[in-house]
Amino acid sequence: MHDRRRILAIDGGGVRGIIPALALEALEAATGRPARESFDFLAGTSTGAVIAGAVAAGIPAERIVSLYRRRGPELFRRTPIVSLLRRVVVGHQYEVATLRRMIGEELGDLAGWRVNDIPRDIMITAKGLDDGHPWYFVKDRPGEPPGRTGGLLLADCVTSSAAAPTYFAPWPIETIGLLVDGGVGVAGNPVYQACVEAFEYTIDYRPEDAIVVSLGTGRFLDRQRPTWLWSWVEWVLGELLRSPGEQQTELVQRHYGDAALYRIDVRLPRDFPLDTLGAGFEELEGIGRRLAALIDWPAILDGGEGGFRVGRPAEAQPEVYCRQIA
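In the working numbering, the protein residues as written are 64 to 389.
Written out as structure tokens, the structure reads:
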């Protein structure tokens, strides 16, 4: 057997990113080392791209958790009237330039890193606005001519991936064009795209020697259809961002069944918009902490058949959904 390779993929979901961030905080507490040292390949979409980029830069998970607490109210500051006017007049509620500035500030001295500089394999997803072309920001491959993604700034890639339509304007990258949230399509859960990149295009990754961890940001199964026009727009966007998530995990199981695959997610008691603040955010944080307490990270990192401290967590704690896929 070759050395085990570990792949981490993190879903999109706005402030629900607090859930996988808390799971990674528990990982660091269990292992005593930065999350980056536990994985060889990091992938993320939208808020998952923010987390993957931060982990790749060596930022402690505790600080990533703090980022959601500190930056959420600053980024999503609004009043209902102003929010409505912005959506009607300019088509989005919040300033994408503010998002880009915050990402740069959180990365600090690493804000100038390019994708090729990252000391881990990485993939950030985005989607071209003009042609609908999916973009996977990865390192340039050895022996191939320089590509169009390895030389891009990590902060620009993350901003593009997090620019959810109706929430933010598209983010421009000069060599590509306008880009939006990579979750608009099938990459809301980027685990399948990450596995394709790792197993088909990256040296030294084999399914039989791989451990794949897919972290979700919560699922609400009883979404009510909205009753007025703009709510319909946001409802459809929410469905686009979350519906393919489980399908992507199943594709990994079907195409790369020799990999040890873990899908960890929570079943939410209600819908939480991408910009949830206040008591709703505190509720999300509580759910995330309960999920984190169930994860046996040493067992997962070893590729074992366990991985969770509760045999059937859905019965013991109805909002928690987590499983290993055999």
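By construction, the Cβ of each residue, glycine as well, lies at the ideal position given by its N, Cα and C atoms.
**Request:** Output the boundary residues of the beta strand (DSSP E) element that contains Ile-181.
**Result:** Looking at the DSSP string, Ile-181 is not in any beta strand (DSSP E), and its letter there is neither H nor E.
**Request:** Measure the alpha-carbon distance for Glu-378 versus Ala-356 and round it to whole angstroms.
**Result:** Any answer about Glu-378 is weak, because its pLDDT of 36 lies below 50 and its placement is not dependable; what the coordinates show is given next. For Glu-378 and Ala-356, the distance between alpha carbons rounds to 16 Å.
**Environment of Gly-154 [buried if 16+ CB atoms lie within 10 Å]** = Reliability fails at Gly-154, whose pLDDT of 49 lies under 50, so the model's placement of it is uncertain and no value is given.
**Prompt:** Whose C-alpha, out of Leu-340, Ala-257, Asp-74, is nearest the C-alpha of Phe-104?
**Reply:** Ala-257
**Item:** Member of Asp-219, Arg-69, Ile-358, Thr-108 whose CA lies at the smallest distance from the CA of Glu-237
**Value:** Asp-219
**Cβ-based neighbour list, Gly-351, same chain, cut-off 6 Å, excluding 5 preceding and 5 following** = Answer for Gly-351: Ile-81, Ile-82, Leu-85, listed in chain order.
**Request:** Determine the DSSP secondary structure at Ser-24, reduced to helix, strand or coil.
**Result:** The chain is shown only over 64 to 389; residue 24 falls outside these bounds and no answer can be derived.
**Contact set for Trp-234: own chain, Cβ-Cβ below 6 Å, skip 5 residues either direction** = Val-159, Thr-222, Ser-223, Ala-226, Leu-242
**Request:** Could you spell out where the beta strand (DSSP E) holding Arg-326 opens and where it closes?
**Result:** 323-329
**Asked** Just checking my contact of Arg-69 with Phe-102 at CB under 8 Å: how many whole Å lie between their CB atoms?
**Response** 5 Å
**Request:** Taking 8 Å as the cut-off, decide whether the C-beta atoms of Leu-71 and Ala-93 are in contact.
**Result:** no
**With 16 other Cβ atoms within 10 Å as the buried cut-off, status of Tyr-264** = exposed
**Asked** In whole angstroms, what separates the C-alpha of Gly-77 from that of Asp-338?
**Response** 6 Å
**Prompt:** Using CA coordinates, which residue listed in Ile-122, Ala-273, Tyr-131, Leu-170 is at the minimum distance from Leu-216?
**Reply:** Leu-170
**Message:** Let me make sure I understand the geometry here. Which of Gly-343, Val-128, Pro-253 has the alpha-carbon closest to that of Leu-90?
**Reply:** Val-128
**Prompt:** Thinking just about the alpha-carbon of each residue, which of Arg-96, Leu-314, Gly-167, Arg-132 is nearest to the one in Gly-341?
**Reply:** When each option's Cα is compared against that of Gly-341, the closest is Arg-132.
**Asked** Anyone know if the C-beta pair for Ala-322 and Pro-270 falls short of 8 Å?
**Response** yes
**Item:** Beta-bridge partners of Met-186, as assigned by DSSP
**Value:** The secondary-structure analysis by DSSP pairs Met-186 across a beta bridge with Ala-106.
**Request:** Determine the burial state of Asp-184: buried for a count of at least 16 other Cβ atoms within 10 Å of its Cβ, exposed for fewer.
**Result:** buried
**Item:** Through-space distance from Gly-167 to Ile-187, alpha-carbon basis
**Value:** If you draw a straight line from the Cα of Ile-187 to the Cα of Gly-167, it comes to about 16 Å.
**Prompt:** Leu-284 by DSSP, collapsed to three states: which one?
**Reply:** The answer is coil: DSSP assigns Leu-284 none of H, G, I, E or B.
**Where Pro-235 falls: helix, strand or coil (DSSP)** = strand
**Asked** Would Gly-116 be called buried (16 or more neighbouring beta carbons within 10 Å of its own) or exposed?
**Response** Per the 10 Å Cβ criterion, buried.
**Request:** Compute the distance between the beta-carbons of Ser-277 and Arg-326, then report whether it is under 8 Å.
**Result:** yes
**Prompt:** DSSP three-state call for Trp-198: helix, strand or coil?
**Reply:** strand
**Message:** Going by DSSP, what residue range makes up the alpha helix (DSSP H) through Val-159?
**Reply:** 159-170
**Request:** Classify Arg-99 as helix, strand or coil using the three-state DSSP reduction.
**Result:** helix
**Three-state class that DSSP yields for Ala-72 in the structure shown** = strand
**Request:** Could you check how far apart the C-beta atoms of Phe-255 and Gln-311 are, in whole angstroms? I think they sit under 8 Å.
**Result:** Note on residue identity: the sequence assigns Tyr, not Phe, to residue 255. Going by Cβ atoms, the distance from Tyr-255 to Gln-311 rounds to 4 Å, so yes, they are a contact pair.
**6 Å CB neighbourhood of Glu-88 in its chain, flanking five on each side removed** = Ala-124, Glu-125, Val-128
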